[in-house]
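So in my numbering, spot 276 of the sequence shown is number 280, and the numbers just go up one at a time.
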Amino acid sequence: MKTQANTSPTCWLMILFMMIGFSVNAQENYEPGYVISQSGDTLFGYIDYRNWEASPEKIGFVLMPGGDKNYYSPVNIRQFGVHNEIYISAEVEIEISRDITADLEEFAPVKLRTERGFLQALVLGPKSLFFYKNLADKAQYYIWQNGAYELLVYKRYLLRQDESTSIQVNRKYIAQLALYFQDCPGMKTLPDDLAYNEKNLTQVFTDYYACVDQQAGYEKKADKLGVEFGLVAGVSFTNLKFKGDPDYLPGTDYTQSVNFVAGISLNLVLPRNQQRWSVFNDLSYVAFEVSGQVVEYTNPQRYITTATTIGYNSLKLTDLLRYTFPVGKASIFVNAGFSNSIAIQATNEKTTVSMFYGTETIDHGKAVEKSRKHEQSLVFGLGSRYKNWSVEYRLERGNGMSSSVGLSSATTRNVLVAGFRFR
Numbered sequence: 005m006k007t008q009a010n011t012s013p014t015c016w017l018m019i020l021f022m023m024i025g026f027s028v029n030a031q032e033n034y035e036p037g038y039v040i041s042q043s044g045d046t047l048f049g050y051i052d053y054r055n056w057e058a059s060p061e062k063i064g065f066v067l068m069p070g071g072d073k074n075y076y077s078p079v080n081i082r083q084f085g086v087h088n089e090i091y092i093s094a095e096v097e098i099e100i101s102r103d104i105t106a107d108l109e110e111f112a113p114v115k116l117r118t119e120r121g122f123l124q125a126l127v128l129g130p131k132s133l134f135f136y137k138n139l140a141d142k143a144q145y146y147i148w149q150n151g152a153y154e155l156l157v158y159k160r161y162l163l164r165q166d167e168s169t170s171i172q173v174n175r176k177y178i179a180q181l182a183l184y185f186q187d188c189p190g191m192k193t194l195p196d197d198l199a200y201n202e203k204n205l206t207q208v209f210t211d212y213y214a215c216v217d218q219q220a221g222y223e224k225k226a227d228k229l230g231v232e233f234g235l236v237a238g239v240s241f242t243n244l245k246f247k248g249d250p251d252y253l254p255g256t257d258y259t260q261s262v263n264f265v266a267g268i269s270l271n272l273v274l275p276r277n278q279q280r281w282s283v284f285n286d287l288s289y290v291a292f293e294v295s296g297q298v299v300e301y302t303n304p305q306r307y308i309t310t311a312t313t314i315g316y317n318s319l320k321l322t323d324l325l326r327y328t329f330p331v332g333k334a335s336i337f338v339n340a341g342f343s344n345s346i347a348i349q350a351t352n353e354k355t356t357v358s359m360f361y362g363t364e365t366i367d368h369g370k371a372v373e374k375s376r377k378h379e380q381s382l383v384f385g386l387g388s389r390y391k392n393w394s395v396e397y398r399l400e401r402g403n404g405m406s407s408s409v410g411l412s413s414a415t416t417r418n419v420l421v422a423g424f425r426f427r
């Protein structure tokens, strides 16, 4: 029963992560936008904007806030625009080979399938670039040429020769773009290492328009990583447990250590998905010191009392994956990740008092004979933010300070942290 009680906070936090995953689709975010029907009519209203990482299968649309909702798929409309992003309905060829390294095939030819979806416009003009990613999570890019959307072909595959296996890459898209930009003499050949991603392909189009002294009619703004600096401070409640030998350590019921925590933070807000995912890091000064004693009692004239004091002052780096979702004017976030701490000062003391029929002997030594200064911990957290202020609860499970094979140590910390971010 005791084990279940200790692990329940972790279980609840994991359940909360799953609940958030289910709740994402239920959160609406209507912003001004438009749709163009198949007949060419333009309707202005509000679109449920989700800052899509993959191309949406359908969108929610209302003429007025609070009005009746309509849902449009690529079959129903030609185009829609919202949040300075443009999506065009099109039937295109997609390359369906797996692109994950562990799943690559020994098959060089491209495998194509026709699919209708919303292409996101990256560049619009005489030369245009589009992006598409379906639920298979494979990014594909297209150019508009000869009245059709042409897939820029890219494929990775395995090649076996004798007893060796290597990864080969079909980079046909480089030749396609060189032909596409043939009216610019300086772009008849493109770098062989031109990466197949939004940033590099968009830059090629920017270079083309500079070459021909024209401007694109539209260019999607690049998604940028958000950077937030801040301060954190709070209080930690640390408990220490041992298992193994020597017996006096597992047998000691250590006091709980209550200490001040303070540090600096850096939150890296990931683009897309409405900036709800981020990587939160903080570097903090942390400390704890616990003490206790155990008595090996034979009779009033024969007993051994072992008192130990263990403490560490450390610098701790915490790295957390954070998901934030709005609740009215505030927001709630959950964290999960790791921490690594390095001790800058340590207390590791043992005092043994032996009584043997009137003779008292006092010995001093180390509480933990083989100790380390580096501690690693699993960290889970739940918090809330209002404007620039935040408050958070964290549960940390660490591997303590014992480096002995026969003795394991474990720390459990409950931490309350307040934070302030600079803008």
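Backbone N, C-alpha and C fix where the C-beta goes; we use that ideal spot for every residue, glycine too.
message: If I measure Cβ to Cβ from lysine 374 and keep anything under 6 Å in the same chain, skipping five residues before and after, which residues do I get?
response: For the purposes of this step, residue 374 is taken as residue 370 along the sequence shown, with counting starting at 1. For lysine 374, where only same-chain residues beyond five positions count, the Cβ hits under 6 Å are Ser407, Ser408.
Contact under 8 Å by Cβ, tyrosine 327 with glycine 296: For the purposes of this step, residue 327 is taken as the residue at position 323 of the sequence shown. For the purposes of this step, residue 296 is taken as the residue at position 292 of the sequence shown. The answer is no: Cβ separation not under 8 Å.
field: Residue range of the alpha helix (DSSP H) that includes threonine 365
entry: Here residue 365 refers to the residue found at position 361 of the sequence shown. Premise fails: threonine 365 lies in the beta strand (DSSP E), 363 to 369, not in any alpha helix (DSSP H).
message: Tell me whether the segment 389 to 399 and the segment 320 to 339 touch, counting them as touching only if at least three CB pairs, one residue from each stretch, are closer than 8 Å.
response: yes
message: DSSP three-state label for leucine 1, please.
response: Residue 1 lies beyond the stretch modelled for the chain, which goes from 5 to 427, so this question has no answer here.
- prompt: How should proline 2 be labelled, buried or exposed, when 16 other C-beta atoms within 10 angstroms of its C-beta is the threshold for buried?
  reply: Look at the range of the chain in this structure, 5 to 427, and you will see that residue 2 is not part of it.
message: Determine whether the beta carbon atoms of leucine 67 and glycine 49 lie at a separation below 8 Å.
response: Counting from one through the sequence shown, the residue named residue 67 turns up at place 63. Counting from one through the sequence shown, the residue named residue 49 turns up at place 45. Contact flag set, yes.
query: When burial is assigned at 16 or more other CB atoms within 10 Å of the CB, is aspartate 286 buried or exposed?
result: As a first step, residue 286 must be located in the sequence shown, where it is residue number 282. Buried: at least 16 other Cβ atoms inside 10 Å.
task: Could you check what DSSP says for asparagine 201 in three-state terms: helix, strand or coil?
output: As a first step, residue 201 is located in the sequence shown; it is residue number 197 there, counting from the start. Asparagine 201 falls in the coil class under three-state DSSP.
message: Using C-beta distances below 8 Å, list every residue in its chain close to serine 41, excluding the 5 sequence neighbours before and after it, in chain order.
response: Position 37 of the sequence shown holds residue 41. Closer than 8 Å at Cβ, skipping near neighbours: Leu47, Asn80, Ile81, Arg82.
task: For methionine 191, name the three-state secondary structure that DSSP assigns.
output: Here residue 191 refers to the residue found at position 187 of the sequence shown. It is helical.
- prompt: Alpha carbon to alpha carbon, how far is glutamate 1 from leucine 270?
  reply: Here the chain has residues from 5 to 427 only, and residue 1 is not among them.
- prompt: Using DSSP with H/G/I as helix, E/B as strand and the rest coil, what is isoleucine 90?
  reply: What you label residue 90 is simply residue 86 of the sequence shown in a count that begins at 1. It is a strand residue.
- request: Report buried or exposed for glutamate 167, applying the criterion of at least 16 other Cβ atoms within 10 angstroms of its Cβ.
  value: Translated into the one-based positions of the sequence shown, residue 167 becomes position 163. Exposed is the call here.
query: In terms of residue numbering, what span does the alpha helix (DSSP H) encompassing proline 40 cover?
result: One-based indexing of the sequence shown puts residue 40 at position 36. Residue identity differs from the one stated: residue 40 is isoleucine in this sequence, not proline. Isoleucine 40 -> not in any alpha helix (DSSP H); beta strand (DSSP E) instead, spanning 34 to 41.
message: Can you give me the C-alpha to C-alpha distance between glutamine 124 and glutamine 172, rounded to a whole angstrom?
response: Taking the sequence shown and counting its residues from 1, one reaches residue 124 at position 120. Taking the sequence shown and counting its residues from 1, one reaches residue 172 at position 168. Going by the C-alpha atoms only, they are around 28 Å apart.
task: With a 10 Å radius around its C-beta and 16 neighbouring C-beta atoms as the bar for buried, classify lysine 247 as buried or exposed.
output: Against the sequence shown, residue 247 aligns to sequence position 243. Per the 10 Å Cβ criterion, exposed.
For leucine 139, the first and last residue of its enclosing alpha helix (DSSP H): Within the sequence shown, numbered from 1, the residue matching residue 139 stands at position 135. That residue, leucine 139, is in no alpha helix (DSSP H); it is neither H nor E in DSSP.
message: Residues in the same chain with beta-carbon distance under 6 Å from lysine 245, minus the five sequence neighbours each way, listed in chain order, please.
response: Start at 1 with the first residue of the sequence shown, and residue 245 comes out as number 241. Only Ala414 meet the Cβ criterion.
- request: Specify, as a first and last residue, the run of the alpha helix (DSSP H) that tyrosine 177 falls within.
  value: Residue numbering aside, residue 177 sits at position 173 when the sequence shown is read from its first letter. Residues 176 to 184.
query: Going along the chain, which residues of its own chain have a beta-carbon closer than 8 Å to the beta-carbon of arginine 427, five neighbours each way excluded?
result: Counted from its first residue, the sequence shown places residue 427 at position 423. Glu232, Asn392, listed in sequence order.
- prompt: What is the C-beta distance between leucine 156 and glutamine 180, in whole angstroms, given that I count them as a contact (C-beta under 8 Å)?
  reply: For the purposes of this step, residue 156 is identified with residue 152 of the sequence shown, where counting begins at 1. For the purposes of this step, residue 180 is identified with residue 176 of the sequence shown, where counting begins at 1. Confirmed, Cβ separation roughly 6 Å.
Rounded straight-line distance, which links the Cα of asparagine 418 to that of leucine 321: Reading the sequence shown from its first residue, position 317 is the one you call residue 321. Reading the sequence shown from its first residue, position 414 is the one you call residue 418. Computed Cα separation, rounded: 16 Å.
query: What's the call for glutamate 364, buried or exposed, on a 16-neighbour Cβ count within 10 Å?
result: Looking up residue 364 in the sequence shown gives position 360. The residue is exposed, with fewer than 16 neighbouring Cβ atoms inside 10 Å.
field: First and last residue of the uninterrupted beta strand (DSSP E) at phenylalanine 122
entry: Walking along the sequence shown from the start, residue 122 turns up at place 118. Its beta strand (DSSP E) spans residues 116 to 128.
query: Is the segment 247 to 256 close to the segment 264 to 279, with three or more CB pairs under 8 Å?
result: no
Bridge-paired residues (DSSP) for phenylalanine 246: Here residue 246 is taken as the residue at index 242 of the sequence shown, counted from 1. Its beta-bridge partners are Ser413.
- prompt: Under the DSSP definition of a beta bridge, which residues are partnered with threonine 328?
  reply: Here residue 328 corresponds to residue number 324 of the sequence shown, with the count starting at 1. Paired residues: Phe337.
message: According to DSSP, is alanine 106 part of a helix, a strand, or is it coil?
response: For the purposes of this step, residue 106 is taken as the residue at position 102 of the sequence shown. In the structure shown, alanine 106 sits in a helix (DSSP, three-state: H, G or I).
task: Kindly indicate the opening and closing residues of the beta strand (DSSP E) around aspartate 286.
output: In the sequence shown, the residue the question calls residue 286 occupies position 282. From DSSP, the beta strand (DSSP E) with aspartate 286 extends over 281 to 303.
Proximal residues to arginine 425 (C-beta, below 6 Å), its chain only, five neighbours per side dropped: Position 421 of the sequence shown, counted from the first residue, corresponds to residue 425. Glu232, Gly234, Asn392.
message: So, with DSSP's three-state summary, where would you put valine 28?
response: Counted from its first residue, the sequence shown places residue 28 at position 24. Any reading at valine 28 must be qualified, since the residue scores a pLDDT of 48, below 50, and its modelled position is unreliable; the value itself is stated next. Looking at valine 28 - three-state DSSP - the assignment turns out to be helix.
query: Helix, strand or coil: which one does DSSP assign to tyrosine 212?
result: Reading the sequence shown from its first residue, position 208 is the one you call residue 212. Tyrosine 212: helix per DSSP, three-state reduction.
query: Would you say the segment 341 to 356 touches the segment 309 to 323, given that touching needs at least three Cβ pairs under 8 Å?
result: yes
task: Look at the Cβ atom of isoleucine 92, then the Cβ atom of phenylalanine 122, and state whether they are nearer than 8 Å.
output: Against the sequence shown, residue 92 aligns to sequence position 88. Against the sequence shown, residue 122 aligns to sequence position 118. Yes, Cβ-Cβ distance for isoleucine 92 and phenylalanine 122 is below 8 Å.
- prompt: From what residue to what residue does the beta strand (DSSP E) around threonine 256 run?
  reply: Counted from its first residue, the sequence shown places residue 256 at position 252. First-last for threonine 256: undefined, no H or E at that position.
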